[in-house]
Amino acid sequence: MKVYKIETVQHVNTSIEECWDFFSSPKNLQTITLDNMSFEIQDFDGKRMYPGQIITYTLKPLLGIKVSWVTEITVAKENDYFIDIQLFGPYKLWHHKHFFETTETGVKMTDIVHYALPFGFLGRIMNKLVVENKLKAIFDYRRNKIEELFNKTV
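Read the sequence shown against the working numbering and you will find it ends at 1083, with the numbers running on by one and no gaps.
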């Protein structure tokens, strides 16, 4: 199984508390997800993120094909980091770490995703032809949306 890694860093002009408040609420996932992915939360308990929390949603990541995704928050330390994993969904492996660090000008956010695709050799080809670029577009959109929400210039 080939495991891929994506790492992004973004600086946010806000307090660690405001940043955590936004990102620890699963209902804000839709706000930072591409509109054309038709992201919809199907079920979650309405609570702030906590270890063991299950979130189910549907989305259309490729070619308009609807897929179900079940995520578990495995670790959450307030104002510091959380980790989500895919229990069921399109990936063979999805492990996403979110780190928040106070800086002189706000918060440094670091995302590290390890993922793997099913189907062996065909999955590696799909990653190179489609998935890698789609994930880049998703994280670019997220970066831009966060800039718009938190780093507005007057």
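Yeah, the Cβ is synthetic: ideal placement off N, Cα and C, and Gly gets one too.
All values derive from a computational prediction rather than experimental measurement.
Inter-residue Cα distance where the pair is residue i and residue j
| i | j | result |
| --- | --- | --- |
| residue 1066 | residue 1040 | 15 Å |
| residue 1076 | residue 1051 | 36 Å |
| residue 1019 | residue 996 | 7 Å |
| residue 951 | residue 1002 | 16 Å |
| residue 1053 | residue 1026 | 23 Å |
| residue 1004 | residue 974 | 17 Å |
| residue 979 | residue 948 | 16 Å |
| residue 977 | residue 1048 | 35 Å |
| residue 987 | residue 1044 | 19 Å |
| residue 1068 | residue 985 | 20 Å |
| residue 932 | residue 1015 | 14 Å |
| residue 962 | residue 1013 | 16 Å |
| residue 964 | residue 970 | 13 Å |
Member of the options whose CA lies at the smallest distance from the CA of residue i
| i | options | result |
| --- | --- | --- |
| residue 955 | 1063, 1023 and 999 | 999 |
| residue 1073 | 990, 937, 930 and 1006 | 937 |
| residue 1079 | 932, 933, 943 and 934 | 943 |
| residue 946 | 1071, 1049, 1063 and 1032 | 1032 |
| residue 968 | 940, 994 and 933 | 994 |
| residue 1009 | 1036, 1015, 987 and 985 | 1036 |
| residue 1007 | 983, 1023 and 953 | 953 |
Cβ-Cβ separation, residue j to residue i (assumed contact under 8 Å), whole Å
| i | j | result |
| --- | --- | --- |
| residue 930 | residue 1021 | 6 Å |
| residue 991 | residue 1042 | At roughly 17 Å, the Cβ-Cβ gap does not stay under 8 Å, so residue 991 and residue 1042 are not in contact. |
| residue 1064 | residue 935 | 6 Å |
Identify every run of the beta strand (DSSP E) within the stretch 970 to 995, keeping only runs that are complete inside it and at least 3 residues long; order them along the chain. 983 to 988
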